[in-house]
Each structure stands twice: as structure tokens, then as C-alpha cells.
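Colleague:
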């Protein structure tokens, strides 16, 4: 349109052009908004959950991460109320399941705990949603019952293997003074023991002893569930008198706990699953007793990781030895095994 055209014509044309521009502008604006929102929707997210602890004790704070598979280095601060919470000096964080050989370090600084994670090989974090680290804090012995204090993530910086910044969103959590500690989430820090045995048979009995070890510098709670070979709950009686198929445990910092069946009832076999609020270790001991309660044979077996392929050592001495293998399918689907 020429600037020398009559005003009336220019007005009519301007209306058409402005209408078209408005529509095009809306379309462009929509694209810009979508482009601006898309990275946020797929951005890595770092978080602290709401946790519980007892006054005067150290507690684990899981630092969770999702969509962080591009991150090779990460640093942040955990800020707390120093009148209620402190960061014990010289206590290192515990690596989480998303780290792949990364170094984790922490440094208390007033009411902050500065945490750094890096890999000399520039290895990225594992993909998926999980825990990058557990930081260890301590709740004041003078904290009032039921009091809640914030735990905040600040100063977050993340980079990829090329040193480029990676966008990270955050969400904060809290710590509450509670006599009732958190139960572990389903599948958290899970250990699987493919075989347990308990009960009597003609001439004797079997019992199982599960030893759990807390490898951290903070209290950990755990749940142990016993299952029959069919996958149904396996009810057993413990030496301490408790009966059932599920038992809670509280394991002090650097300590251990023992669950031992009493060998009573009809003989049954199955497997056990243990979940915990922090990294934990364990082993199970099978004992065969004679009719008088004297131990004849014992064997200890560690927890087994889940997998699709296994290498099993076999000791063979003709006429004097044999090897048994126990499999536990913890999934909801039937599985075929080729041995």
C-alpha cells in the first residue's frame, strides 16, 4: 500500500492488515510461549521431601532429582534454622542411586550445608527419578515436640559434561520433631533375599536370621516383608514373640538389628524383601536344628540385586556336595527361567 493513497482506502486496508497481523501475532505469541514453557516442563528438578526425626538425633535428608541425565556436576546449599538444626562437622553425605562413581563432599557453613558432586571422568548422572545423595543433619535435643523447621535448597548450579549450565528447578522440604519416624517408601533402598525357611519337619526344624546393618551416620528405619513362594504373605513367629509377615525396624547410626524366626509351625519356604529410608546392608543366615534344638548346619547368604542374567558358582565333589539355587520374582508378571 502506497502512502499516497487516499485516507479512506488506507483505513480499509489498515483494518485488514491489522486483523491479519493480530492473528499472525497471536500465532507467533503462542509459539513463543510454547517454546518458553517447554524447557521448564522437561527441566531437571531437585527437591527435599518433608522428613521426621527425634530430638537429639542425626537424620538423613534425601536430595531427590528427576530428569537430570544431562548433569555431570552439581552444587547447592541446604539452608536450615540453626536454632533447631545443625550440620555435624566431618560427616560426609551418602551417595544416592542416581550417581555413577561421582564424588560427594559437604562443608558446613553457619546455617547452610554446602554440597558438591562431581565426576573426574565427566560422567553424567543416571537417568530417571531417584536420589542423588543423602545429607546428614542433626535435630537439636531441645527441639519442642511437633515443631517443624524448613529445609531449603539455594544456590543450585548444575553443568553438563561440556561445562554448559543445565536448568534446574527446586522444591523445598521440612524437618519435624516426631517420635514416630518415617516409614520407607515402597522399593526404596531395597534388598532382596531369595530364600527364607522356617518351621518344623520330622527330626528337626529350620529357622532364618536376618541381620541388617546401617552403613550411615544417621538413624534409618526399615521394613521387612516375608513372602511365600507363591507370592502371598509368609507369616512367621520371631524369637521376640512378634508374629506376622511384615516387621518394622529402627537401626541406629552405624548400628545393626537382628530379626530371627523361632522355627515353630509348619515348615515353609519363601523370600524376604527389605526397604529402608537410607542405604543399608544385610545378610540372612539359615540354621537347621535337630529335634533337641541343637544346630546341625548353618549357611549365610547376602542380598541379591535384581537382574536378567546371573553367573552362579558351583562346587562339585562327587558324592559329597551339591548346589542349590533360589530365585525370587519380585515383579507382578510371571517369568520363565533357563538354567
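Numbering (my numbering), first residue to last: 5 to 343. Virtual Cβ for every residue (Gly too), placed ideally from N, Cα, C. Note that this is a predicted model, so its numbers are computed, not measured.
1) Just to confirm the assignment, what range does the beta strand (DSSP E) spanning residue 326 have?
2) What are the uninterrupted segments assigned as alpha helix (DSSP H) that are 4 or more residues long and contained completely in the segment 275 to 311, given in chain order?
3) Look at the alpha carbon of residue 285 and the alpha carbon of residue 173, and state the distance between them as a whole number of angstroms.
4) Mind checking residue 335: buried by the 16 CB within 10 Å criterion, or exposed?
5) Quick one: what's got a C-beta closer than 7 Å to residue 243's C-beta in the same chain, skipping five residues either side?
6) Might you give, ordered along the chain, the residues of its own chain that have their beta carbon closer than 8 Å to the beta carbon of residue 169, omitting 5 neighbours on each side?
7) Buried or exposed, going by whether 16 or more other CB atoms sit within 10 Å of the CB of residue 111?
8) So what does residue 230 bridge to, in DSSP terms?
9) Please report the residue range of the beta strand (DSSP E) in which residue 210 lies.
10) Roughly how many angstroms separate the alpha carbons of residue 129 and residue 317, rounded to a whole number?
11) Would you mind stating whether residue 324 and residue 307 have Cβ atoms separated by less than 9 Å?
12) First and last residue of the beta strand (DSSP E) that includes residue 116?
13) Using C-beta distances below 8 Å, list every residue in its chain close to residue 227, excluding the 5 sequence neighbours before and after it, in chain order.
14) Should residue 310 be labelled buried (16 or more other beta-carbon atoms within 10 Å of its own) or exposed?
15) Only counting the same chain, and skipping five residues up and downstream in sequence, which positions put a Cβ closer than 6 Å to that of residue 268?
16) Indicate the three-state DSSP secondary structure (helix, strand or coil) for residue 128 in the structure shown.
17) Give the straight-line distance between the Cα atoms of residue 79 and residue 122, rounded to the nearest whole angstrom.
18) How far does the beta strand (DSSP E) with residue 113 in it reach, from first residue to last?
19) Beta carbon of residue 108, beta carbon of residue 97: below 9 Å?
20) Residue 127 to residue 69, Cα distance in whole Å?
21) Determine the direct distance from the alpha carbon of residue 120 to that of residue 99, and round the result to whole angstroms.
22) Using the DSSP secondary-structure output, state which residues sit across from residue 156 in a beta bridge.
23) Using three-state DSSP, classify residue 62 as helix, strand or coil.
24) Does the structure place the segment 44 to 59 close enough to the segment 176 to 185 that three or more beta carbon pairs sit under 8 Å?
25) Going by beta carbon distance, what residues of the same chain come within less than 6 Å of residue 259, once the five residues before and after it are set aside?
26) Does DSSP put residue 140 in a helix, a strand or coil?
27) Once you ignore the five residues that flank residue 28 on each side, which residues in its own chain have a CB closer than 6 Å to its CB?
28) Can you grab the Cα-Cα spacing for the pair residue 220 / residue 116, in whole Å?
29) Under the rule that 16 or more other beta-carbon atoms within 10 Å means buried, what is residue 313, buried or exposed?
30) Give every residue of the same chain whose Cβ lies closer than 7 Å to the Cβ of residue 198, excluding the five residues on either side of it in the sequence, and list them in chain order.
31) For residue 95 and residue 141, what's the separation of their Cα atoms in angstroms?
32) With which residues is residue 203 paired in a DSSP beta bridge?
33) Compare the C-alpha of residue 101 against each of 256, 222, 193, 328 and name the closest.
34) With a threshold of 7 Å on Cβ separation, who are the neighbours of residue 327 within its own chain once the five nearest residues in sequence on each side are excluded?
Modeller: Reading from the atomic positions:
1) Residue 326 -> no beta strand (DSSP E), and no H or E assigned at all.
2) List check, alpha helix (DSSP H) in window: nothing returned.
3) Put simply, the backbone Cα of residue 285 is about 33 Å away from that of residue 173.
4) By the Cβ neighbour-count rule, residue 335 is exposed, with fewer than 16 other Cβ atoms within 10 Å of its own.
5) These residues qualify, in order along the chain: 264, 266.
6) The residues are 161, 162, 163.
7) Exposed, because fewer than 16 other Cβ atoms sit within 10 Å of the Cβ of residue 111.
8) In the DSSP assignment, residue 230 forms a beta bridge with 276.
9) Segment 208 to 218, the beta strand (DSSP E) holding residue 210.
10) C-alpha separation (whole angstroms): 33 Å.
11) Cβ atoms of residue 324 and residue 307: not closer than 9 Å.
12) It spans 116 to 122 - the beta strand (DSSP E) in which residue 116 sits, taken as one unbroken run.
13) The answer, listed in chain order, is 187, 188, 250, 251, 252, 253, 278, 279, 280.
14) Flag for residue 310 reads exposed.
15) Non-local beta-carbon contacts of residue 268 in its own chain, meaning distances under 6 Å to residues more than five positions away in sequence, involve 241 in chain order.
16) Per DSSP, reduced to three states, the secondary structure at residue 128 is coil, with no helix or strand assignment.
17) Between residue 79 and residue 122, the alpha-carbon positions lie close to 9 Å from each other.
18) Segment 107 to 113, the beta strand (DSSP E) holding residue 113.
19) Going by C-beta atoms, residue 108 is nearer than 9 Å to residue 97.
20) Put simply, the backbone Cα of residue 127 is about 16 Å away from that of residue 69.
21) Each residue's alpha carbon lies about 11 Å from the other.
22) Per the DSSP secondary-structure output, residue 156 pairs in a beta bridge with 83.
23) Look at residue 62 here: in three-state DSSP terms it is strand.
24) They touch, by the three-pair rule.
25) If you ignore the 5 residues before and after residue 259, its C-beta comes within less than 6 Å of the C-beta of 218, all in its own chain and listed in chain order.
26) Residue 140 falls in the strand class under three-state DSSP.
27) Confidence is the limiting factor: at residue 28 the pLDDT is only 41, short of 50, which leaves the residue's position unreliable, though a coordinate-based value still follows. Answer for residue 28: no residue qualifies.
28) The straight-line gap separating the alpha-carbon atoms of residue 220 and residue 116 is approximately 21 Å.
29) Label assigned to residue 313: exposed.
30) Same-chain partners within the cutoff: 275, 308, 330, 331, 332.
31) Roughly 9 Å between the two C-alpha positions.
32) Paired residue(s): 210.
33) Ranking 256, 222, 193, 328 by Cα distance to residue 101 puts 193 first.
34) So the qualifying residues of the chain are 318, 319.
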